[in-house]
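Trainee:
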Amino acid sequence: MLHLVYVFAFTTLAFIAVGNLIRNLMVLGSESTRTYPPKLTDIPVEPNRISSTQVPHPEFLDDTGTLIKEPLLVMRSITVEDAREKLDALYNSSPESSAKDDQGEV
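Start counting the sequence shown at 2; every next residue gets the next number (the numbering used here).
(1) Which same chain residues end up closer than 8 angstroms to V75 when comparing Cβ atoms and leaving out the 5 residues on each side of it in sequence?
(2) Would you mind stating whether L73 and P57 have Cβ atoms separated by less than 7 angstroms?
(3) Only counting the same chain, and skipping five residues up and downstream in sequence, which positions put a Cβ closer than 7 angstroms to that of F16?
(4) So the alpha helix (DSSP H) R24 belongs to, where does it begin and stop?
(5) If you follow the alpha helix (DSSP H) that Y92 is in, where does it begin and where does it stop?
(6) Can you give me the C-alpha to C-alpha distance between E32 and T13, rounded to a whole angstrom?
(7) Can you give the Cα-Cα distance for R24 and G30, rounded to whole angstroms?
(8) CA-CA distance, T36 and N21?
(9) In the DSSP assignment, what residue or residues form a beta bridge with L68?
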């Protein structure tokens with residue numbers, strides 16, 4: 002008898018879940034064809050404002066001040082040993098490690 006209650010309960014939950022899925026798909030379909038009014042940020046606030054001259058961020062400029070048009074992040078493949086050597090050199094050159102070396106701690 003208890004098995005029938007479980008089957009009935011989970012069948013009911015399955016029908017509710019499928020009904021919600023179908024309803025959500027219908028709402029999503031109607032929302033995708035709906036047009037929205039323009040945002041407030043698209044409307045210029047003050048046409049006489051001096052925002053027409055945009056200054057690029059300093060990280061986008063090279064040493065001479067010209068704009069960089071190439072990718073800023075270039076990944077290079079290195080071996081694990083090279084990475085360990087670089088990290089060890091960086092760790093050993095830090096101020097805390099030099100202070101510990103002066104005190105005789107390792």
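By construction, the Cβ of each residue, glycine as well, lies at the ideal position given by its N, Cα and C atoms.
Mentor: Judging by the given coordinates:
(1) Only residues of its own chain outside the window of five on either side were considered, and among them none has a CB closer than 8 angstroms to the CB of V75.
(2) no
(3) none
(4) L3 to T34
(5) V81 to N93
(6) 28 angstroms
(7) So the two alpha carbons sit approximately 10 angstroms from each other.
(8) Approximately 24 angstroms between the Cα atoms of the pair.
(9) L62
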